[in-house]
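If you read the sequence shown in full-length UniProt numbering, its first letter stands for residue 3, the second for the next number, and so on.
Taking it in order: structure first as structure tokens, then the write-up.
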Amino acid sequence: SIPPGVWNAIDYERLAVQSMDAGRYAYVAGGCGWDRAVAANRAAFARWAVLPRLLRDMRSGHSRITLGGLDLPHPLLLAPVAHQRLAHADAEIATARAAAATGSCLVASTLSSCTLEEIAAASGPARWFQLYLQPERAHTLDLLARAQAAGYAAIVVTLDASIQLASRAALAAGFVLPADCVAANLRGYPPSAPVALQDGSSRIFQGAMRHAPTWDDLHWLLQASPLPVWVKGVLHPDDARQLQAAGCAGLIVSNHGGRSLDDAPASLTQLPAIRAAVGADYPLLLDGGVRSGQDAFKALALGANAVLVGRLQIYALAVAGALGVAHMLQLLVEELQAAMAQAGCATLADTTPNCLTPSC
Ligand code: FNR
């Protein structure tokens, strides 16, 4: 059941600290290193205020949006978050049910605790599959075919996580992935044999980055994928322009929730320049630091078509399972609609940078 004292979506963050094991909480809440990029995401939202407008007729208002051919009742998506069994025994099945109940588009992670087929069976029609390119192209092709067969409408390829250094907070809490947290989708794909580093070679360049995707791999994926391909992890306007030209269906401006590079900029900070680079009509999503409907409104005003929610879904999942995630999403939608109404925006098309003003 929903615990007392949950009045806003962000209350789930406060309650998760109490309901989650300290190590697991630190792993989810943390980013990498000193968690500076995590803090930057939040600080970027705090720099803006929503500017109220008076007397506009809001009676025909709504938060509907069409995204990648899907008609959605609101622009809040569930970001791909790996290993959801860390938060709840029902794992992604619970988040999928919550997405279905609230009409939210779910982006299922390659590294989910349940298989993509199990998630599809529990979710509504709005579902995308987040892809990590596999060292063997045959395995990537198999994932693509499975996603298509299971009715996923798009592929979201994440390109910003080839190297992820741990958060000092998670290390200090002694977090290690428990044995029951396996990537269910990858069970059938034997890992390639480890290659010994030669003398003088780098643990980073020749080690961790050995299988990191390159532009060649992206062009290959765009040819090979039976589904439209979105790219997640874009922070540079030039990359955005090049990805748009390559034929990606849309982009997700993201610093991976601050989990890839500790001194990365906030995704919200990069959004206006990326919107300017790709033009007004190209689909652009944002994630990183969204903890309220007002945050979502700010991202929409600064040029995003929709936003994804990462950690909040895990906090709500840990606190109250599927019901908690559905409740959290409902709270976010109402907070967003209240911000729209206050700002005089009857539809998402009315949100512009003029709806915001510096907060101090
Ligand atoms: C993630 N994220 C992520 N992204 C992705 O593309 N594939 C993945 O498997 C994961 N796994 C994952 C695990 C955990 C514990 C977290 C917190 C995040 C990143 C996620 O999709 C998203 O970019 C951020 O979570 C957004 O920031 P907020 O909303 O958490 O602040």
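Built from N, CA and C at the ideal position, the CB exists for glycine as well.
Counting only unbroken stretches of 4 or more residues, the alpha helix (DSSP H) elements lying wholly within the stretch 101 to 134 are 118 to 124, in sequence order.
By the criterion of at least three beta-carbon pairs nearer than 8 Å, the stretch 197 to 213 is not in contact with the stretch 110 to 129. One alpha carbon belongs to GLY252, the other to ASP73, and they sit about 16 Å apart.
Among the bridge pairs identified by DSSP, SER169 is matched with GLY35.
CA-to-CA, the gap between VAL158 and GLN246 works out to about 14 Å. Annotation for THR68: the continuous beta strand (DSSP E) segment containing it runs 67 to 69. ALA156 and LEU135 have their C-alpha atoms some 15 Å from each other.
Straight-line measurement puts the Cα of GLY259 at about 18 Å from the Cα of LEU331.
Under the three-pair Cβ rule at 8 Å, the stretch 6 to 26 counts as touching the stretch 281 to 297.
DSSP places PRO360 in the uninterrupted beta strand (DSSP E) bounded by 358 to 360.
Annotation: PRO228 to GLN150 spans about 7 Å, alpha carbon to alpha carbon. Here ALA318 is not near TYR29, since their CB atoms are 7 Å or more apart.
In the same chain as GLY32, and ignoring 5 residues on each side of it, the C-beta atoms closer than 6 Å to its own belong to SER169, ALA171, ALA172, in chain order. The Cβ neighbour count for ILE165, taken over all protein chains shown within 10 Å, is under 16; the residue is labelled exposed.
For ALA324, same chain residues with a beta-carbon under 6 Å away, outside a window of 5 residues either side, are ALA96, ARG99, ALA100 in chain order. Taking the C-beta atoms as reference points, GLN86 is found no nearer than 7 Å to THR112. The three-state secondary structure of ASP265, taken from DSSP, is coil.
At least 7 Å separates the beta-carbon of THR354 from that of LEU53. GLY235 sits close to ASP162, with the two beta carbons spaced by under 7 Å. For PRO285, the CB contacts under 6 Å within the same chain, skipping 5 residues up- and downstream, are GLY252, ASN307 in chain order. Taking C-beta atoms as the reference points, ARG55 and ALA345 count as a pair closer than 7 Å. Taking all protein chains shown into account, ASP289 has 16 or more neighbouring C-beta atoms within 10 Å of its C-beta and is therefore buried. LEU80 places its beta carbon less than 7 Å from that of SER106. Distances between the C-beta of ARG313 and the heavy atoms of ligand 1 include at least one below 6 Å.
DSSP places GLY235 inside the beta strand (DSSP E), whose first and last residues are 231 to 236.
By the neighbour-count criterion, in which a residue is buried when 16 or more other Cβ atoms sit within 10 angstroms of its Cβ, ILE121 is buried.
With contacts defined by Cβ atoms closer than 7 Å, ASN257 and ALA39 form a contacting pair. Cβ neighbours of ALA275 within its own chain (closer than 8 Å, five residues either side excluded): PRO239.
Annotation: the continuous beta strand (DSSP E) that includes VAL255 extends over 252 to 255. Residue range 308 to 311 is occupied by the beta strand (DSSP E) that includes ALA308, with no alpha helix (DSSP H) assigned at that position.
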